[in-house]
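Worksheet for the structure shown next.
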Ligand code: AMP
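In our numbering, the protein residues as written are 715 to 1259.
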C-alpha cells in the first residue's frame, strides 16, 4: 500500500520559490569584481533567475544542456545556481584556478553550451575559448558598459545585456527529481579530473541536512559568509540552504585576502562563516598583529582539509568563535560529517572537549559510514583502529559522469563509495581522518598520520604552514619529514622544531628532518599538493643516508 501524501518532486526551483515567498526581503550582499558592494534581496534574485531561465530558452538550450561558470562568489553566480538548474539545465561550475589546459579539457568533456565568466577571468577565457568548440555562447558576468570593445571572443555579450530584454515571468518546469542539476569536477592531482553529477533530489536533501542544528545550523537569524568558493562543490551547498532558511548572505567576490574578509564580516555583521583552513590562516594572520576582534561572528565551519587544533583554539580562546570541523568530498555534495558535541560531552573538561573538536565529527543523517580493513571487513568503532573509510547515502556519488562506478558492494549488495581517506571512528560515532590513504607514511610496518605531525608543527608559534611527507628509507621503508613555512619575521631552528615534537607524539613518529621552504604548493581548492612537494624535494636525502 502506498502512502496517501502529495507526491511532489524535490526540485531546486522550489527553494527559490520558497525564499521569494517567505524571505522576499532577505538580503544578499556581494562584493563585486568592480570592487563595490552590491545589495539586493531574495525577491530580486528570484526575478532575475527567471530572466536568466528565459534567456537560456531563447538561446535554444535543451533540457539537461550544460551551462558553465568561471566565477567568484556573488549574486550573479547565485542566479545561475537557480536559473540554470531550475529551468532543467545543468550548472557546471568550473574551478578557475585550474590550469587552462585542464579547464579546456573539462569544458569539452562536459560539452558545455554556454560559459559565463567574471571579468577577472577574461584573459583565461581569451586563452581557452578557441579550444572549446561546444560553447556557442560566451557571457561576461558584468554590466553592459563594462564589456571591452574588442575581446577577440566571438559573440561575447555582457550578462546584463543578455538578460535585460527577458521577462521575469517564468513557470519553473516540473520534472523527475532525479534529473541532473549541477556538476563539479574533482580537483584530482593525477590523471584527468572526474565529475560528480548532482541531482535535484540529492541537492535538495543535502540542503535540508546542511541546515540542521548539529550540521551547519543555518537560520533566518544568521548572516552567512561563504568564503568557500561557489566553484567548488556548490560552496558546500550553502546557496541552497540559504534559500531554504532565508538567512542573510554575504558574498566576498574576488577579495579573498584576510583584510577584505575581516572587513566584510564586520561591516555586514556576519554571524557565521565557512571556509578552508588556508583562508582562515590568512585572516587570523591579519587580525592578530593588529589586535582586531570580531563583533558579531560566532561560529565558523572549517573543512576541506584538516583544521589544525591550534586554529580551533585560536578562534575559540582569542576570538570567542566556535569552530565546527567538517569533512566531505566533491563526490559527497560535499557534507559527510560535522563535529558538534553531544549533550553528555558538554560538561567535560575543556581539554577533553578540545580533543573531540579536532575530530572531523559525526555522520549526518543521510550519510552512513564505516571503516574497513584490506579485506573489506568492518573495523571496530574504538577511536584507535584505523581503516579505509567507506560511505553511502542519497547525496553520495554512484557513478562518475561518463565514467565508472567506484562503488564497492557489501554482502547485502549495497554499494559503498570508497573515500580514499583513512580514519578512526570512536564509540560515540566521531570520525577522525588519519590521512589520505596515499599520504599515510608507512614506517617499519606501522602507519604515521601526516595530519598528526602537521598539527603538532602548526602549534609552534613560528610556523605558518606545515606539510609532512614520507621519504624512502632502506630500513624503515619510509620516514616522515616535515616541510615548513615560517610566519613573517619569525625564526626557529631545525633542532628547536624537532625538540618541539618531544612528548607530543610517540618517539618513532617524530619526523627525521625539518625542511624550510618558501611556500608549500597549494592546489586549486587550497589543499596542500603533496605530489608537487614530493617532486620539489625529489633530490632530497634523509639525514645520514
Ligand atoms: P575534494 O573532493 O577536493 O573536496 O577533497 C575531498 C578530500 O579532502 C577528502 O577526501 C579528504 O581527504 C579531504 N578533507 C576534506 N575535509 C577534511 C577535513 N576536515 N579533514 C581532513 N581532510 C579533509
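Ideal placement from N, C-alpha and C gives every residue a C-beta, glycine not left out. No experiment lies behind these values; they were computed from the predicted model shown.
At a Cβ-Cβ threshold of 8 angstroms, residue 1109 and residue 1122 do not count as neighbours. Using a Cβ-Cβ distance cut-off of 8 angstroms, the region 996 to 1004 and the region 955 to 975 are in contact, since at least three pairs of beta carbons, one from each stretch, lie closer than that value. Here the distance from the Cβ of residue 914 to the nearest heavy atom of the ligand AMP is not below 7 angstroms. The Cβ neighbour count for residue 715, taken over all protein chains shown within 10 Å, is under 16; the residue is labelled exposed. Within the DSSP secondary-structure output, residue 841 pairs in no beta bridge.
The continuous alpha helix (DSSP H) containing residue 924 extends over residues 914 to 925. No heavy atom of the ligand AMP is found nearer than 7 angstroms to the CB of residue 1109.
Going by DSSP, residue 819 is part of the alpha helix (DSSP H) stretching over 814 to 824. The closest CA to that of residue 1235, considering only 1179, 1038 and 1191, is found on 1179. Just measuring C-alpha positions, the residue of 1181, 829, 1206 and 835 sitting nearest residue 1149 is 1181.
In this structure, residue 1200 and residue 1206 form a Cβ contact; the two beta carbons are roughly 7 angstroms apart against a cut-off of 8 angstroms. Rounded to the nearest angstrom, the gap between the Cα atoms of residue 827 and residue 817 is 14 angstroms. Here residue 1156 carries a strand assignment [DSSP, helix/strand/coil].
Taken from the Cβ of residue 841, every heavy atom of the ligand AMP lies 7 angstroms or farther away. Approximately 5 angstroms separates the beta-carbon atoms of residue 896 and residue 912; this is inside 8 angstroms, confirming the contact. The DSSP-derived three-state label of residue 1104 is strand.
Residue 804 has its alpha-carbon roughly 26 angstroms from the corresponding atom of residue 930.
About 7 angstroms separates the beta carbon of residue 1104 from that of residue 1133, a gap short enough to meet the 8 angstroms contact definition. Taking the Cβ of residue 1024 as the reference point, every heavy atom of the ligand AMP lies at 7 angstroms or farther away.
Looking from the CA of residue 761, the closest CA among 734, 750 and 1099 belongs to 734.
Of the heavy atoms belonging to the ligand AMP, at least one sits nearer than 7 angstroms to the Cβ of residue 1135. Straight through space, the alpha carbons of residue 979 and residue 935 are spaced by roughly 15 angstroms. Taking C-alpha positions only, residue 910 is separated from residue 1111 by approximately 6 angstroms.
With distances taken between CA atoms, residue 773 lies nearest to 869 out of 869, 822 and 1026.
Partner residues in a beta bridge of residue 895, as assigned by DSSP, do not exist.
With contacts defined as CB atoms closer than 8 angstroms, residue 1080 and residue 919 qualify as a contacting pair. Under the rule that a run must span 4 or more residues, the alpha helix (DSSP H) segments found entirely inside the region 1147 to 1210 read 1164 to 1172. Where residue 1131 is concerned, the enclosing beta strand (DSSP E) starts and stops at 1129 to 1139. A direct Cα-to-Cα measurement between residue 1083 and residue 1074 gives close to 13 angstroms.
With a threshold of 16 other beta carbon atoms within 10 Å, residue 739 falls short and is exposed.
For the pair of segments examined, the region 1180 to 1198 was found to touch the region 1144 to 1161: the number of CB pairs separated by less than 8 angstroms reaches three.
The closest heavy atom of the ligand AMP lies less than 7 angstroms from the beta carbon of residue 947. Exclusion of the five residues before and after residue 723 leaves 891 as the residues of its chain whose Cβ lies within less than 6 angstroms of its Cβ.
At a threshold of 7 angstroms, residue 1150 counts as near the ligand AMP, since its beta carbon sits closer than that to one of the ligand's heavy atoms. In this structure, the CA atom of residue 1027 is about 26 angstroms from the CA atom of residue 965.
Taking the Cβ of residue 931 as the reference point, every heavy atom of the ligand AMP lies at 7 angstroms or farther away.
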